[in-house]
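Following our numbering, the numbering of the sequence shown begins with 2 at its first residue and continues without gaps. Worksheet for the structure shown next.
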Amino acid sequence: MIILYFLTSLFGATMLLLYAVRMVQTGIERAYGPSFKRLITRNQSALRAMLTGVVLAIVLQSATAVTLLTAGFSSSGLLPFGIGLVLILGADLGSAIVVQVLSLNIDWLVPLLIGVGGWIFLKAELRKNKQLGRIMLGVAFILLALRFLRETVEPIRDSNFLPAMVVYLENDAVTAFLIGAVLALVMHSSVATVLMCVVLVAIDALPLAVGITLVLGANLGGALVAVWLTRSMKASARRLAAANLAARGVTAILCTIALQFFDVSVASGWVSDAQALVLAHLGFNTLLLLFVPFASRLETPLTQLIAEDASDDTQIDGAQAASALDMSVLDSPRLSMACLRREVHRMSYIVENLARPVTNKVFDPSPADLAHMKAQRRNLASALSRLREYFAQMNTQEMQKKDVKIVSELVDYASNLDAAGDIVLRRMLPVALARSQKEVRFSEAGWSELLQAYERMNANMTLAFDLLISEDVEGARQLFLEKDDFVKSQSRSKKRHFARVRNGDETSLASSNQHLETLAALRDFNRMIVSLADPILLRNGQ
2 MIILYFLTSL FGATMLLLYA VRMVQTGIER AYGPSFKRLI TRNQSALRAM LTGVVLAIVL
62 QSATAVTLLT AGFSSSGLLP FGIGLVLILG ADLGSAIVVQ VLSLNIDWLV PLLIGVGGWI
122 FLKAELRKNK QLGRIMLGVA FILLALRFLR ETVEPIRDSN FLPAMVVYLE NDAVTAFLIG
182 AVLALVMHSS VATVLMCVVL VAIDALPLAV GITLVLGANL GGALVAVWLT RSMKASARRL
242 AAANLAARGV TAILCTIALQ FFDVSVASGW VSDAQALVLA HLGFNTLLLL FVPFASRLET
302 PLTQLIAEDA SDDTQIDGAQ AASALDMSVL DSPRLSMACL RREVHRMSYI VENLARPVTN
362 KVFDPSPADL AHMKAQRRNL ASALSRLREY FAQMNTQEMQ KKDVKIVSEL VDYASNLDAA
422 GDIVLRRMLP VALARSQKEV RFSEAGWSEL LQAYERMNAN MTLAFDLLIS EDVEGARQLF
482 LEKDDFVKSQ SRSKKRHFAR VRNGDETSLA SSNQHLETLA ALRDFNRMIV SLADPILLRN
542 GQ
């Protein structure tokens, strides 16, 4: 029973730690996620990229999350390889700083964070404020989980089992290194793994040398997590994750070998073993910055190692894909319903390909680009016509009522996608062209507000199109809440614009029509895109 209780307690404490780390990350992404794109893609120098990576990793409490964001923007062509890799290396250092902060003795903050965070989460009306409460609760749960880990491991510190395992790991650095890597890979969090090691060293359950070896392995495992999570992304994204793995992996292995020739116990005279372990983790990730000057040069060998997939180009441009409507399966309700859903998803690709260029900070289309956009708009209209005809011929008599309702909702959403495409071409494109041709110039504050609105719209578009496949209730709820928040933010932007005009800002006055039209177009476009959330929530009794 004692062993069973220990394993259950260890499992519960570990799960609470993972949940809490994820809770903080989710809260920050929901509150500030749309701003990450601007923060990441505006980096032009290595130093700025490195500092951005450090800050983002501290905020998100995860270098892996920053790696995924960076890889995604790189695959979209918004970030060069060298800058992306430097940003990821900075994120590695940022996650080490997070470990330093969370390893401090700040348990006294737990009741304060739970009390204030819980009150904000329950009472706040604005979505961003609610997420602030979620973040505070998450940090409190991290500290609680670490306390539970200490309380769980302390009773077995003097048992026969733990000393025997420690002696084995002291004599087998390879096994200790691999255990650290596997733990980080399984937990999908090097931060959580390192914090566990710090707790074990702090209560003298592990010697410092074994703890450092485990942490070095965890650094390798953390890089492997990013490689695994980017495996289905474009080659340019996979190269960044592989480059980070190469840098962290080679350095971790070399440090593990070097560790065998040094007596780390000398550090005990200066700081506690737990703090020495944290400093070793910080030192390792600082050492990785030696790769910064050579980041761009790693692109050539990695391009040879990870070549472009033949499907990369066609994957991005869903408008070029053939229609998913198969007339031969009309008699099969299940197959025809799947075809219709895939066709709506293809239409979402077309809308995304229309909207994203127009909302980019730099928009300078060639005549061929404009012709292509108009062709995509015609493809969208044709797809809607074919979809309606297909729906009319579907064998709905043999469908369950709920399936007929789902199909009807998909057709309605396809109509909204067509309307969204029309908004881009008729209302957003003319303003974007006028801006690119210097016919209109927004004030600095006004342009910043529009960029933030573009980012939120693109984030909502990504989430909505993901819901076409997943129908995730939590995602639908988030999208539903974002709909009202988006309208409120547009209203605040309009008020600030009028205030600038009243204060005599000539640039705001000259661009007033375009600014207000863009806000209205974004509001209408967003309404069409997020309309998918309502039926999903209704079907699930929300």
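Ideal placement from N, C-alpha and C gives every residue a C-beta, glycine not left out.
Residue i versus the options, residue with shortest Cα-Cα distance
i, options, result
"L509", "A521, V441, T304 and Q276", "The displayed chain sequence assigns Ser, not Leu, to residue 509. Of A521, V441, T304 and Q276, the residue nearest in Cα terms is V441."
"T231", "G223, L221, G222 and A242", "A242"
"R428", "E472, F481, E507 and N514", "N514"
"Q276", "L306, D467, L434 and I204", "I204"
"L5", "Q491, L215 and T153", "T153"
"D486", "K131, A511, S324 and D173", "K131"
"F142", "Y350, Y20, A296 and S266", "Y20"
"S297", "L517, L90 and D506", "L90"
"Q62", "V22, T463, S46 and G542", "V22"
"S273", "P208, S75 and T287", "P208"
"I258", "G218, Q398 and G134", "G218"
"S471", "R342, F178 and S266", "R342"
"E399", "K406, P334 and A446", "P334"
Under 8 Å between C-beta atoms of residue i and residue j
i, j, result
"A185", "L17", "no"
"A465", "V531", "yes"
"E353", "A384", "no"
"C340", "L355", "no"
"H373", "L469", "no"
"L480", "A534", "yes"
"L221", "G250", "yes"
"L88", "I41", "yes"
"A210", "S76", "no"
"V99", "V192", "yes"
"M338", "V408", "yes"
"G95", "I59", "yes"
"T252", "F285", "yes"
Residue i versus residue j - alpha carbon distance
i, j, result
"S10", "G181", "20 Å"
"V412", "L336", "16 Å"
"P536", "E126", "24 Å"
"Q101", "V140", "14 Å"
"V391", "G54", "Residue 391 is actually Tyr in this sequence, not Val. In a straight line, the C-alpha of Y391 is about 49 Å away from that of G54."
"R540", "K235", "35 Å"
"A320", "V359", "Because the pLDDT of A320 is 46, which lies under 50, any placement of that residue in the model is unreliable, and the question is left without a value."
"M529", "L255", "54 Å"
"T71", "L225", "16 Å"
"D318", "S437", "In this prediction, D318 has a pLDDT of 46, which is less than 50 and means its spatial position is unreliable; nothing more can be read from the coordinates."
"I213", "L114", "31 Å"
"A421", "L105", "51 Å"
"S456", "T27", "It should be pointed out that residue 456 corresponds to Glu in this sequence rather than to Ser. Straight-line Cα distance between these residues: approximately 18 Å."
"A435", "K362", "13 Å"
"D423", "E300", "40 Å"
"R357", "F364", "10 Å"
"I107", "G73", "36 Å"
"Y350", "L69", "21 Å"
"A247", "H189", "18 Å"
"V293", "A500", "45 Å"
"P302", "A454", "39 Å"
"V57", "D506", "Reading the sequence as shown, one finds Leu at residue 57 and not Val. Using only the alpha carbons, I get a separation of about 34 Å."
"A14", "C198", "14 Å"
"R497", "E518", "15 Å"
"T287", "R128", "36 Å"
"F12", "R49", "40 Å"
"L8", "E171", "23 Å"
"K484", "V432", "23 Å"
"Q401", "L381", "29 Å"
"Q316", "L196", "Below a pLDDT of 50, predicted positions are generally treated as unreliable, and Q316, at 44, falls in that range; the measurement from the model is reported next regardless. Looking at the two C-alpha atoms, the distance is approximately 39 Å."
"V425", "L388", "21 Å"
Residue interval of the alpha helix (DSSP H) (run including residue i)
i, result
"R135", "R128 to V154"
"E1", "This structure cannot speak to residue 1, because the chain is shown only from 2 to 543."
"Q515", "S513 to V531"
"Q491", "V474 to R503"
"P302", "E300 to L306"
"N541", "From DSSP, N541 is part of no alpha helix (DSSP H); its letter is neither H nor E."
"S471", "E445 to S471"
"S437", "L430 to S437"
"T231", "Where T231 is concerned, there is no enclosing alpha helix (DSSP H), given that its DSSP letter is neither H nor E."
"M348", "P334 to T360"
"D365", "From DSSP, D365 is part of no alpha helix (DSSP H); its letter is neither H nor E."
Residue i CB to nearest heavy atom of the ligand ZN below 7 Å
i, result
"L255", "By its list of ligands, the structure shown contains no ligand whatsoever, and the ligand ZN lies outside what it can speak to."
Min CB distance residue i to chain C below 8 Å
i, result
"L533", "No chain C is present in this structure, which holds just one protein chain."
Notebook entry, point to check: Are the region 519–528 and the region 161–176 touching, with three or more C-beta to C-beta distances below 8 Å?
Noted result: Not touching, per the Cβ criterion.
Check: Between the region 447–461 and the region 371–381, do three or more beta carbon pairs fall short of 8 Å?
Finding: No, the region 447–461 is not in contact with the region 371–381.
Notebook entry, point to check: How do the region 189–206 and the region 272–289 stand: do at least 3 beta-carbon pairs fall below 8 Å, yes or no?
Noted result: The region 189–206 is in contact with the region 272–289.
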